[in-house]
Every structure is written in structure tokens, then in C-alpha cells.
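Per the numbering used here, the sequence shown runs over residues 394 to 724.
The C-beta atom is built at its ideal place from N, Cα and C for all residues, glycine as well.
Report on one structure; see the data block that follows.
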Amino acid sequence: MTEPSTQQPRQSPPPPAGSGGTVPLDSTAQLLTRITAQLGTQLSLVSRNGTRRPMHRTRPSEALRPSDTLRPSAAPRPPDAPRSPGTPTLLVVAHGSRDPQALRTVLALLDRLRDLRPGLDVRLGHIELNRPLLPDTLDGLRGADAVLVPLLLGRGHHVKHDLPAAAAAAPAVRTWVAAPLGPHPLLVEALYGRLVEAGWDPADQGSRSAAVVLAAAGSRDPDSAQDTRRTARMLAERLGVPVVPAYASAATPTFPAALRALAARGRHRTFVASYFTAPGRFASAAAGAAPRTAALPLGAHPAMARLLLHRYDQALSATARSGGVSLLASA
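Here it is, written out as C-alpha cells:
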């Protein structure tokens, strides 16, 4: 017999363990509500690579852009997180920026690294402007081994001088310094993806009116300029239209000058590709000069995470080939 409809249904206590009894269900709607809640909880524990995420790492997701996720704080990795013994730490070295979006973007990229390679100790150090600074991160790795992977796009002063100097100033840490990210096909993949998000139409390939300005920071180092030009050539091959490098400082042409030169050649449908790893002053300047929506910085694009891991592996492989000790053998 059921209770009269004017009264609230009573909750029956759960049957004793092993009694074989059943718990009466309140209603179909309440059953579905409970099932949905339980599924949501379980799905929140699943990482993008399909593995189960530990309870202490779950967090609400907040989208930076369609392909990125946001890590809300710079808290260190929990001490009980699984880690492959004997494997060097991947220490991402970012430049740093006063733009608060820069740090959030870099932390989202580090999350991608951890999801792609569970158990790898991934840490962050900045050259300037943001904490943690690189010397502080190295100081926290005393007695350990680390590969410094620059979140930098070419062979400029920071890669050639600042990173080796920081490694030399931390003798308690055995270090390797990886190559900068560019040039590389994975960078072109990320640039292309950001352009499509900004409105680039693949049908523009081969168009006589379309072109792209590759907006970069700029450097007085000729190797850095050479790396940027090579990336521009690779992107031009992918897009089928001219790609002209332009710079925010220390080199020419500037963003407006490059846009004017392309317009003089009849290239009036011009896009700006942001050749920056994260938001900041230079990325904002490039967006301000763009005749239409500029592409977002490379940020936490999936290809960026794959490229950082590639540079990490590449540095350790080069050490092994040169006769150095490869700690991967003991992992």
C-alpha cells in the first residue's frame, strides 16, 4: 500500500548488510537525479587521456579558449602524486609577464603536460616578473635532476645566456637545457589552429588577396630573427599565402608597416598570427594593429604541450648519444 498522495513519501532505512532486501525508490525523477549526480562525480575524476584523476587534483574547469583549460592556482604538485623514480623533472622556463592572463595560461599548459605524461614531475620557473622565479624553483630541486625546457620561440639572449647561467648557479641540481620551441612543425600546427579560431577560412588557401602577418616579439640576435623567418616560411607553406614576420621591438618591420606593405601588394584580406606563448604587452600590441580579429597567442594549445615534451625527450636523448648519463635507463 502506498501513502495517501497528500503526505510526503517516507524514506525507508537501508536494509542490513547481507539481508538481501531492497531500498524503496522515491520516484523515477529522484532516481534519475541521483544517477546523474553520481555520473557527474565519476566523470570529473577522469583526465583528458582517459586515466583516473586523483581526488586531490580535481577542480572546476574554466575555459581560457575552446582548446584550453585553466589551472586556478600556482600551488605545487601534491607530495603524494605518483612520480616515476629516477626521471628528471621537466622544468618549464617561461619569460614572465605583468598580464595576469599570462600566468594562468602557462599553468593551463602545464596541466596539459601532466595529463599527457602522468607521473612526470612538471614544474615552472620564470625569468622575470612572475613567481616562481627560476632560481627559486631550482633551489627547491636540490639533489635532483632537471631538464630546463624554455617556453621561448627562438635562439635569443634568454636561451643562450640566461638559462645556462641559471643552471650554472644551481650546482646542487644536475641540469640539461633543451632547445627553444621553434622552429618546429608543431608550432605551425598551433599557429594554424589559432588562425582558424580567429576566422581564417581554409578556402583562402591560394587566394591572391589574403596574407598573414606573423607577429613576434623581436630580438637583436640574428639567430632569433632567422628562426622567426623560418617559422613564417613553414606557415606560408601550410596556408598557401604569403606570411610576413613583423616585430613589436628590436627589429623591423613593425606590425603596421608589414600590414601596409601587404596592402600595397593587393593583399587586403590580412590576418595577424600571434607568435607569442602567452598574453602580454606585445600580444596586445599585435591585436591592436590587426585589421580584423587577431589570432590568440599559442598558449595551452595541445600542440604546444606535445612540443614541450618533445624538447624534453630530445634533450635527454642527446645526452645519451654524447656519452652522458641518461637517467631514463633507470626509470
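Between residue 598 and residue 583, what straight-line distance do the alpha-carbon atoms span, to the nearest angstrom? Position 205 of the sequence shown holds residue 598. Position 190 of the sequence shown holds residue 583. Distance between the alpha carbons of residue 598 and residue 583: 17 Å.
If we count Cβ pairs, one from each stretch, closer than 8 Å, do we get three or more for the segment 577 to 592 versus the segment 685 to 697? yes
Assign residue 667 to one of two classes, buried (16 or more other C-beta atoms within 10 Å of its C-beta) or exposed (fewer than that). Working through the sequence shown from its first residue, we reach residue 667 at position 274. When all chains shown are included, residue 667 counts as buried.
Three-state class that DSSP yields for residue 664 in the structure shown: Taking the first residue of the sequence shown as 1, we reach residue 664 at position 271. Residue 664 falls in the strand class under three-state DSSP.
Could you name the residues that DSSP lists as bridge partners for residue 538? The residue you call residue 538 lines up with position 145 of the sequence shown. DSSP output for residue 538 lists 567 as bridge partner(s).
With 16 other CB atoms within 10 Å as the buried threshold, where does residue 645 fall? One-based indexing of the sequence shown puts residue 645 at position 252. It is exposed - the Cβ of residue 645 has fewer than 16 other Cβ atoms within 10 Å.
Measure the beta-carbon distance from residue 519 to residue 487 and round it to whole angstroms, keeping in mind my assumption that it falls under 8 Å. Taking the sequence shown and counting its residues from 1, the one referred to as residue 519 is at position 126. Taking the sequence shown and counting its residues from 1, the one referred to as residue 487 is at position 94. Confirmed, about 5 Å.
Going by alpha carbons, who is nearest to residue 713 out of 542, 569 and 551? Within the sequence shown, residue 713 is the residue found at index 320, counting from 1. Of the candidates 542, 569 and 551, the one whose C-alpha sits nearest the C-alpha of residue 713 is 569.
Tell me which residues share the same chain as residue 638 and place their Cβ nearer than 7 Å to its Cβ, disregarding the 5 neighbours each side in the sequence. The sequence position of residue 638 within the sequence shown is 245, counting from 1. Same-chain partners within the cutoff: 607, 609, 621, 622 and 625.
Suppose the cutoff is 6 Å on Cβ atoms and the five residues either side in sequence are ignored; what does the same chain contact list for residue 603 look like? Indexing the sequence shown from 1 puts residue 603 at position 210. If we look at residue 603 and ignore the five residues flanking it on each side, its Cβ neighbours are 597, 634 and 662.
Can at least three beta-carbon pairs, one atom from the segment 529 to 537 and one from the segment 493 to 507, be found at a separation below 8 Å? no
In angstroms with no decimal places, state the Cα-to-Cα distance between residue 711 and residue 571. The residue given as residue 711 occupies position 318 in the sequence shown. The residue given as residue 571 occupies position 178 in the sequence shown. The straight-line gap from Cα to Cα measures roughly 10 Å.
In whole angstroms, give me the CA-to-CA distance for residue 707 and residue 693. Numbered from its first residue, the sequence shown carries residue 707 at position 314. Numbered from its first residue, the sequence shown carries residue 693 at position 300. For residue 707 and residue 693, the distance between alpha carbons rounds to 21 Å.
Distance between residue 558 and residue 531 (C-alpha atoms, nearest Å): In the sequence shown, the residue the question calls residue 531 occupies position 138. In the sequence shown, the residue the question calls residue 558 occupies position 165. If I take the Cα positions, the gap works out to 12 Å.
N-terminal and C-terminal residue of the beta strand (DSSP E) that residue 516 is part of: Here residue 516 corresponds to residue number 123 of the sequence shown, with the count starting at 1. Element bounds for residue 516: 515 to 519.
Closest to residue 672 by C-alpha separation, out of 483, 550 and 493, would be which residue? The count along the sequence shown starts at 1 and reaches residue 672 at position 279. Nearest option by C-alpha distance: 493.
Take the Cβ of residue 704 as the centre, count every other Cβ of all protein chains shown within 10 Å, and call the residue buried at 16 or more, exposed below. Your numbering for residue 704 matches position 311 in the sequence shown. Residue 704 should be labelled buried.
So which of 701, 543, 652 and 618 has the shortest CA-CA distance to residue 681? Numbered from its first residue, the sequence shown carries residue 681 at position 288. Residue 681 has its Cα closest to that of 652, out of 701, 543, 652 and 618.
Consult DSSP for residue 691 and reduce its assignment to one of helix, strand or coil. In the sequence shown, residue 691 corresponds to position 298, counting from 1. DSSP places residue 691 in coil when its eight states are reduced to three.
Which class does residue 495 belong to by DSSP, given the choice of helix, strand or coil? Residue 495 sits at position 102 when you count from the first residue of the sequence shown. In this structure, residue 495 counts as helix in the three-state DSSP scheme.
Got a sec, what are the start and stop residues for the alpha helix (DSSP H) residue 655 sits in? Within the sequence shown, residue 655 is the residue found at index 262, counting from 1. Here the alpha helix (DSSP H) through residue 655 covers 648 to 657.
Contact defined as beta carbons within less than 8 Å: I believe residue 490 pairs with residue 547. What is the distance between those atoms, to the nearest angstrom? Walking along the sequence shown from the start, residue 490 turns up at place 97. Walking along the sequence shown from the start, residue 547 turns up at place 154. Not quite, the Cβ-Cβ distance comes to about 18 Å (not below 8 Å), so this is no contact.
CB of residue 543 within 8 Å of CB of residue 551, strictly: Walking along the sequence shown from the start, residue 543 turns up at place 150. Walking along the sequence shown from the start, residue 551 turns up at place 158. The answer is yes: Cβ separation under 8 Å.
For residue 643, which option in 496, 613, 700 and 594 has the closest C-alpha, if you only look at C-alpha atoms? For the purposes of this step, residue 643 is taken as the residue at position 250 of the sequence shown. When only C-alpha atoms are compared, the closest one is 613.
Please confirm whether residue 709 and residue 540 have their CB atoms less than 8 Å apart. The count along the sequence shown starts at 1 and reaches residue 709 at position 316. The count along the sequence shown starts at 1 and reaches residue 540 at position 147. Taking 8 Å as the Cβ cut-off, residue 709 and residue 540 qualify as a contacting pair.
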